[in-house]
Each structure stands twice: as structure tokens, then as C-alpha cells.
Amino acid sequence: MSDFAVLKARAAALTGECPWTTLALALVGAGWLSTYVLSFARMLVDLARPGIPLKKFGAKKGAWAVVTGATAGIGRDFALQLAGAGFNVFLASRTASKLQEISDEITAKYPQAKTQVHSIDFAAATADDYKALGVALSPLDIGILINNVGKSYDEPTFYQDLSDQDIADIVEINVNATLKVTKLVVPGMIARKRGLILSVGSFAALIPSPLLAVYSGSKAFLSSWSQALGSELEGTGVHVELLNAYFITSKLSKIRKSSWMIPTPATYVRSVLAHIGVNGGAVGQPHISTPYHGHAPVQWVVDHLFTRSWWLSYNRKLHVDIRRRAIRKRERLAKEAKSQ
Ligand SMILES: NC(=O)c1ccc[n+]([C@@H]2O[C@H](COP(=O)([O-])OP(=O)(O)OC[C@H]3O[C@@H](n4cnc5c(N)ncnc54)[C@H](OP(=O)(O)O)[C@@H]3O)[C@@H](O)[C@H]2O)c1
């Protein structure tokens with residue numbers, strides 16, 4: 001008799017003598033499975049429910065929404081849609097001419113919305129620049145802050161090959177600017193007993209991202225900070241939320257074609273504004289929201305299936321491959337340029 005046959009015979013004898021062992025194992029299995037089913041169902045129900053209405057943060061009551069990185073991509077759509085929802089908008093971004101363009105577009109589309117533009121390079125902003133920003137913000141009744149500005153890598157790169165400037169810029173823009181702008185805005189929100197602070201995070205923090213280590217770490221900082229700050233501000237009327245974003249078409253993502261899983265900034269922002277306070281794919285995670293229906297199941301899968309090591313090595317292979325293709329493309333373009 002083979003070892004397997006012996007084991008099978010013993011198991012059959014055991015369960016025959018003690019049917020409760022089979023039952024116990026079945027119960028453990030069913031319990032384990034049902035946590036997964038319940039968690040998935042919780043995500044679906046969550047995605048179907050409406051979020052906190054924007055009027056709670058001062059829509060149509062003269063309140064302002066402050067948007068950083070407001071001239072392109074996700075930030076531009078936050079500015080437009082919040083103006084459409086009844087906020088005045090304060091646009092803080094790097095390029096003055098682009099700020100004027102978006103301000104003009106808002107005024108043409110939503111004449112009732114006031115706009116104010118403030119040019120600031122968050123990579124190089126000094127204490128005086130933040131003082132000037134504080135002076136511009138201080139008279140405003142700010143209901144919403146969108147910490148959107150962010151910088152990533154041009155292409156996946158090994159840490160030792162990143163320039164010191166890129167490392168400094170990513171930390172300055174993604175981490176320090178968020179901390180400093182929030183500090184300027186939060187006391188007024190607490191005093192008025194209402195406010196919403198949304199910071200745009202990334203799936204690059206959900207699974208640590210090799211070859212994007214600094215970007216990934218900066219977004220992990222935002223995730224942890226948002227949860228801690230959200231808890232500190234409970235009971236003050238100020239709601240804090242980190243948006244866990246997967247891919248969205250934009251200059252930063254270098255993705256032009258949208259799909260069910262990769263929305264345009266307009267679709268993404270619409271989904272965010274309709275789901276404030278809703279966890280969506282971030283099931284049970286306080287102050288974190290993955291509200292877009294094409295992103296939520298991806299987060300659920302990452303959170304529930306396979307191990308951290310598996311996802312880490314999956315991400316490493318993915319980014320090594322993206323880097324290889326980016327280098328090949330660069331070399332091809334250089335060759336073509338030379339031959340012309
Ligand atoms: N797109 C995605 O797939 C994706 C996924 C996850 C998370 N995110 C996050 O979403 C946020 C927005 O990304 P996006 O894709 O919308 O980016 P984007 O299209 O490249 O837009 C970036 C915006 O930030 C401004 N900006 C860039 N550097 C700045 C600086 N040093 N100082 C001031 N403003 C600056 C840009 O202004 P200029 O026009 O002057 O450059 C522009 O308005 C980022 O935090 C990003 O990490 C994006």
C-alpha cells in the first residue's frame with residue numbers, strides 16, 4: 001500500500017469514528033470563506049451608497065475649495081467639478097499662464113464661482129512662499145482642500161540611479177507640500193467646525209513598488225498620515241480622507257486611452273465627489289477611500305489574495321519590464337532622430 005493510500009485509509013477511519021472532526025474542519029473552512037464573501041459584498045454595497053453630500057462642506061454657501069496642482073489631470077477636474085458643485089475655487093499650481101487658462105475656463109462655465117489663482121512651485125517653495133500662500137488663504141472660508149499635487153518618476157528607476165534632485169523634488173512635492181498646505185488650512189476648518197481634506201494617494205503605496213521606491217514611500221506616508229490625522233480630527237467636523245488611486249489617464253501616468261479600469265480624470269473625480277466617506281475597495285480601512293468602481297475590486301484582490309511577498313515580486317517584475325521597454329523606446333527614438 002502506498003503512503004498516500006495509508007494516509008487516506010487512516011483519515012477515513014478517523015472521520016468515521018469522529019464525524020465531528022469533519023464538521024469542525026468544514027465549519028472553519030466555511031467561516032474562512034465567508035469572511036472573504038462578506039468583505040467583497042461589503043465593498044459592493046459601499047460602492048452603491050452615496051457619500052457625504054458636498055453641502056456639508058459649504059457648497060453653494062460661499063465656501064472655497066483649494067486645489068493644488070490644479071492646471072492638469074486630476075487636479076484640473078477637481079477644480080472644474082467643485083466649481084460646478086457650488087464652490088469658489090482657489091487654484092495653486094506652478095505655471096501662471098496655465099492657472100489663468102483654467103481660471104478663465106471655470107469663469108466661462110460657472111459664472112457664479114469666484115476663482116483665485118496662486119502660482120507656486122512646490123518643489124522649490126521657501127518659507128516666504130508658504131507665508132505668502134497663507135496670507136492669500138487666510139481671508140477665505142475654506143470648505144475643501146484637495147492635496148493633489150504630486151510627482152512621480154519619468155520611468156521606473158533603481159534607487160541608486162535616481163538623481164538627488166528627483167529624490168528631493170518627490171519628497172518636497174508629495175510629502176512636505178501636503179503637510180504645509182494642510183497646516184495652513186486646518187485651523188480655520190476646525191474653527192468653522194467643517195471641512196474636508198482629500199489627499200490623492202496611490203496604489204503604489206498599497207503594494208510597495210520597486211523601481212518607484214521614493215514615490216511609493218511618499219504615498220505610503222500620505223496613507224499613514226491621513227489615517228492618523230483623520231483620527232485626531234474626529235469630532236471637530238473636519239473629515240480627512242486618503243484617495244487610493246490606481247491608474248487614471250494623465251500626463252503623469254503617461255496613459256492616454258481610458259478604459260473601465262483606467263478612467264479619465266473627469267470620470268475619476270466624479271466618482272470621488274459622489275463617494276466622500278465611502279471606503280469602497282478599501283474595505284474597513286479608516287480614512288481611506290477607493291471609490292472608483294474599476295479600482296475598488298483591484299484593491300480588494302490585492303488586500304485579500306496572495307501574500308505581500310508575492311505582490312512585491314510581481315510589482316518588481318512589472319516595473320523591471322516597464323523600464324526595459326522605456327529604455328528600448330528611448331534608444332529607438334534616438335536612432336531615428338540621428339538618421340534624419
Ligand atoms: N494619473 C494617475 O494614474 C495617478 C495614479 C495614482 C495617483 N496619482 C496622483 O494624482 C495626483 C495628480 O496626478 P495627475 O496624474 O493628475 O498629474 P498631472 O496630470 O501631471 O498634473 C500635475 C499637476 O500638478 C502641477 N505640478 C506639478 N509639479 C508642480 C510643482 N512643482 N509645483 C506646483 N504644481 C506642480 C502641474 O502643473 P504644471 O502644469 O505647471 O506642470 C499639474 O497641474 C498626483 O499626486 C499623483 O501622484 C495619479
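Position 185 of the sequence shown, counting from 1, maps to 185 under UniProt numbering, and the rest follow consecutively.
Beta carbons are placed, not taken as given, at the ideal position from N, Cα and C, and that holds for glycine.
Across the structure, residue 94 and residue 252 are spaced so that their CA atoms are roughly 15 Å apart. Contact between the region 123-136 and the region 49-58 is not established, with fewer than three Cβ pairs separated by less than 8 Å. Sixteen is the threshold: when 16 or more other Cβ atoms of the shown chains lie within 10 Å of the Cβ of residue 197, as they do, the residue is buried. When the beta-carbon positions are compared, residue 50 and residue 274 come within less than 8 Å of each other. DSSP assignment within the region 66-148 yields the following whole alpha helix (DSSP H) runs of 4 residues or more, N-terminal first: 73-84, 96-109 and 127-137. Ranked by how close their Cα comes to the Cα of residue 69, the residues 290, 91 and 41 have 91 in first place. Rounded to the nearest angstrom, the gap between the Cα atoms of residue 107 and residue 242 is 29 Å. Taking residue 288 as reference, the option from 276, 297 and 298 with the minimal CA-CA separation is 276. Three or more beta-carbon pairs separated by less than 8 Å are not found between the region 322-330 and the region 62-80, which leaves the two stretches without contact. Residue pairing of residue 240 in beta bridges, as defined by DSSP: 197. Annotation: the region 282-319 contains the following complete segments of the alpha helix (DSSP H) (minimum length 4 residues), in chain order: 296-304.
Put simply, of 169, 40 and 192 the residue whose alpha carbon is nearest the alpha carbon of residue 150 is 169.
Under the 8 Å Cβ criterion, the region 278-286 counts as touching the region 298-314, having at least three qualifying pairs. The way I'd put it, the region 96-114 doesn't touch the region 167-181; fewer than three beta-carbon pairs between them come closer than 8 Å.
Here residue 266 has 77 as same chain residues with Cβ atoms under 7 Å from its own Cβ, once five neighbours each way along the sequence are excluded.
Residue burial is scored here from C-beta neighbours: residue 268 has at least 16 other C-beta atoms within 10 angstroms and is therefore classed as buried.
Measuring C-alpha to C-alpha distances from residue 262 to each of 237, 294 and 220 identifies 294 as the nearest.
Relative to the non-hydrogen atoms of ligand 1, the Cβ of residue 247 comes within a distance shorter than 7 Å of at least one. Checking the 7 Å criterion, the Cβ of residue 173 is within range of a heavy atom belonging to ligand 1. Bridge pairing for residue 255: 250 [DSSP].
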